[in-house]
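Residue numbers (this note's numbering): 1 to 367. Yeah, the Cβ is synthetic: ideal placement off N, Cα and C, and Gly gets one too. See below for the structure under consideration.
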């Protein structure tokens, strides 16, 4: 009797497994044409998980999509604020740069080297420190974002280096969606001032243009206390007017038929009140300056009904300058001997990339 029950159980389990797989297969073969308007509005499409557009439920990774509407409703002002609202992500700041951690992993001053950040598919991690910044020094203003796709987990097989903890692809608004001129300005505490001018349009010949410029200036906290420097010689541990930050950025993209050209630049200067690396505390010359820029030309065409070809050429620039004052006076000297230690880093990279995507094999896409 026990053997009979065992055989019946095995047969039932096999049949159940077969029926579940068959039902899942039928569910995946559901055509979007079979959906009504309400169901279509609930379908979320992601392009960053596999490098082609697919239903988010079919993506091979855990994906979070943040839309422009969500950004407006939640009042995010910077990308680091936005990251704090994403499951499994957190953001820290050392009053020089913002850093992003993923599921508890985030070493101090790691510069986000294990996270790949893309802007409309273009890699923003520079080639000196492999850093990807998500603070005020990001390439674009949050108002230019249409959606952000956050793909969790390793993706180096598709994207190469840095895509270890995940990929963040920031997708910008189209010129047709802007359709005119936008001007915005804001002010806040710590004498924060920021302004943006954006132009976008789509013309009758199909050409589409988006141009935007942003500038910001922030005095920061006027007085910061650090107990480690609480002595009369170091202003009793108070850093005065050393937390300032200012910068400017530009982004533009033009598309026509299969061609698209995009370019961006951000230049940012930040005062450092924390006196890192044993430098002189409360010195006004302590600062870091970062400049990033890129240009990307892309062409995409359908060779046949089942084969799509794309190719792109790009060039990236990165420049860093850090001014760190040290006192080299010896014991017994009457006056300090201040020397500015200047760090300079220059990164340049260019490349060519081509891809072919085919659906010639039934139920498969080959990249």
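Environment of residue i [buried if 16+ CB atoms lie within 10 Å]
i	result
residue 266	buried
residue 273	buried
residue 335	exposed
residue 122	buried
residue 292	buried
residue 177	exposed
residue 49	buried
residue 395	Residue 395 cannot be examined here, being either before or after the span of the chain that is shown, 1 to 367.
residue 69	exposed
residue 339	exposed
residue 190	exposed
residue 94	exposed
Reduced DSSP category for residue i - H, G, I as helix; E, B as strand; rest coil
i	result
residue 21	Because residue 21 carries a pLDDT of 41, less than 50, the predicted location of this residue cannot be relied on, and the following value inherits that uncertainty. Of the three classes helix, strand and coil, the one that applies to residue 21 here is helix, per DSSP.
residue 236	helix
residue 325	strand
residue 149	strand
residue 38	At residue 38 the pLDDT is 44, less than 50, meaning the model places this residue with poor confidence and gives no usable figure here.
residue 313	strand
residue 156	helix
residue 387	There is simply no residue 387 to check, as the chain begins at 1 and stops at 367 in what is shown.
residue 368	No information on residue 368 is available, as it lies outside the stretch 1 to 367 that the chain covers here.
residue 277	helix
residue 132	coil
residue 189	coil
residue 228	helix
residue 263	strand
Identity of the residues DSSP links to residue i by a beta bridge
i	result
residue 139	For residue 139, which the question treats as bridged, DSSP gives no partner whatsoever.
residue 308	302 and 357
residue 182	198
residue 319	291 and 346
residue 71	Answer by DSSP bridge pairing: none, since residue 71 is not bridged.
residue 171	147
residue 45	55
residue 218	245
CB-CB length for residue i against residue j, believed under 8 Å
i	j	result
residue 112	residue 172	Residue 112 to residue 172, Cβ: 20 Å. No contact.
residue 247	residue 294	16 Å between Cβ atoms; not a contact.
residue 125	residue 162	5 Å
residue 65	residue 46	7 Å
residue 390	residue 321	Beyond the ends of the chain as shown, which are 1 and 367, falls residue 390; an answer cannot be given.
Interface flag, residue i vs chain B, CB-CB below 7 Å
i	result
residue 149	Checking the listed chains, one finds no chain B in this structure; it contains a single protein chain.
Cβ contact (3+ pairs, closer than 8 Å) linking the region 128-146 and the region 192-200: yes
At least three beta-carbon pairs within less than 8 Å, the region 74-88 to the region 268-283: no
Touching by the beta-carbon criterion (3+ pairs, under 8 Å), the region 344-364 and the region 296-310: yes
Segment contact flag, the region 248-256 with the region 206-225, C-beta cutoff 8 Å, min 3 pairs: yes
Contact the region 234-245 vs the region 280-289: 3+ CB pairs below 8 Å: yes
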